[in-house]
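Each remark here refers to the structure printed beneath this line.
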Amino acid sequence: MSEQSYKLDDIVAWVDLSTYCNAACPQCHRTDNNGLGKIGWLPLVQWSIEDFKNAFSIEDMQSIKRFEICGTWGDPFMAKDIYHILKYIIDNSNARIQINTNGGMRDDEFWWDVGLLSRGRMQVIFDVEGITPEMHGMYRRKVDLEKLKSHIQCYTSAGGDALAHVIVFKHNEDYLYEILDMCYNELGMNFHVIQASNRFHKDGREEFTDEDGNLHVLEEVTNKGHELINRTITPDRDHNWFKKHGKKHLDRGLWTPKDAVDASK
Ligand code: SF4
11 MSEQSYKLDD
21 IVAWVDLSTY
31 CNAACPQCHR
41 TDNNGLGKIG
51 WLPLVQWSIE
61 DFKNAFSIED
71 MQSIKRFEIC
81 GTWGDPFMAK
91 DIYHILKYII
101 DNSNARIQIN
111 TNGGMRDDEF
121 WWDVGLLSRG
131 RMQVIFDVEG
141 ITPEMHGMYR
151 RKVDLEKLKS
161 HIQCYTSAGG
171 DALAHVIVFK
181 HNEDYLYEIL
191 DMCYNELGMN
201 FHVIQASNRF
211 HKDGREEFTD
221 EDGNLHVLEE
231 VTNKGHELIN
241 RTITPDRDHN
251 WFKKHGKKHL
261 DRGLWTPKDA
271 VDASK
């Protein structure tokens, strides 16, 4: 076995902090699409600030360029100590933070505080998939659009850098410009990523049963060549994109509109 060497200041730490979630997205790994509860075998766990400090000492964090705090099995903002974890990183390192959320949990004051904390060091990636509660809730189930909008407004008003992550299905594909207009002009967000859902197994249809036993069908986007979908970059944690485009965006740490222009060339 040959020895692998790493350039320490290139390290990106990808951390999952929680398997808790307030939402019930039918194509999520944690969701049982028969009733929209959590899948039975997944334990409910979360990291406390003590767990995080044990895993990442102040010394360790000096080698980390960026934390990517995603939500493969749950939403990181459901971790009870998330504010303290983010503050610990910001106060004790130079690392930047990208963190994903459905944004529907907690209250306006919390999101204002995260916005104040984030300036210049953190980008929150909010899922926004509709201009009406019905459209947004068709996939992002149990997330109230008006509450989400209020949280984003509080966060951006406090100076927070917010990216809109839009997953596209048949039910929202004709409203992408309206969604972006709302994100940029009403909510103060400053960048977006638009992706067609790639989690359909067959026939571009997926049936699920909601918590009341009602049957629903999600349908795949019909126009995969939509100009907004085609022009949009994929986050660099997608390793296929990463191989194709290289590592230049890691140098800056956070996505900006310039990245979209660079990536489309
Ligand atoms: S918000 Fe994220 S973690 Fe929660 S159910 Fe939806 S996809 Fe899964």
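The numbering of the sequence shown is my numbering, which starts it at 11 and goes up by one. Built from N, CA and C at the ideal position, the CB exists for glycine as well. From a predicted model like this one, the values you see are computed outputs, not experimental measurements.
Item, Value
"Just curious, the alpha helix (DSSP H) that residue 102 is in, first and last residue?", "92 to 102"
"Closest to residue 191 by C-alpha separation, out of 176, 180, 181, 129, would be which residue?", "176"
"Just jot down, in chain order, the residues whose CB lies closer than 6 Å to any heavy atom of the ligand SF4.", "31, 33, 34, 35, 38, 40, 41, 81, 84, 85, 112"
"Hey, would you say residue 153 sits closer than 7 Å to residue 23, going by beta carbons?", "no"
"Take residue 218 and list the residues in its own chain whose beta-carbon comes closer than 6 Å to its own, dropping the five residues that flank it on each side.", "36, 43, 226"
"Starting from the N-terminal side, write out each stretch of the alpha helix (DSSP H) that is 4 residues or longer and does not extend beyond the segment 111 to 188.", "118 to 128, 143 to 149, 155 to 167"
"Are the segment 178 to 187 and the segment 158 to 166 touching, with three or more C-beta to C-beta distances below 8 Å?", "no"
"Whose C-alpha, out of 134, 96, 69, is nearest the C-alpha of residue 57?", "96"
"Can you check whether the CB of residue 94 is closer than 7 Å to the CB of residue 59?", "yes"
"In the DSSP assignment, find the unbroken beta strand (DSSP E) run with residue 61 in it and report its ends.", "Counting along the chain, residue 61 falls outside any beta strand (DSSP E), though it belongs to the alpha helix (DSSP H) covering 59 to 65."
"Grab the span of the alpha helix (DSSP H) containing residue 74 for me, first residue to last.", "Element bounds for residue 74: not the alpha helix (DSSP H) but the beta strand (DSSP E), 74 to 80."
"Tell me which same chain residues have a C-beta within less than 7 Å of the C-beta of residue 77, skipping the five on either side of it?", "23, 25, 99, 105, 107"
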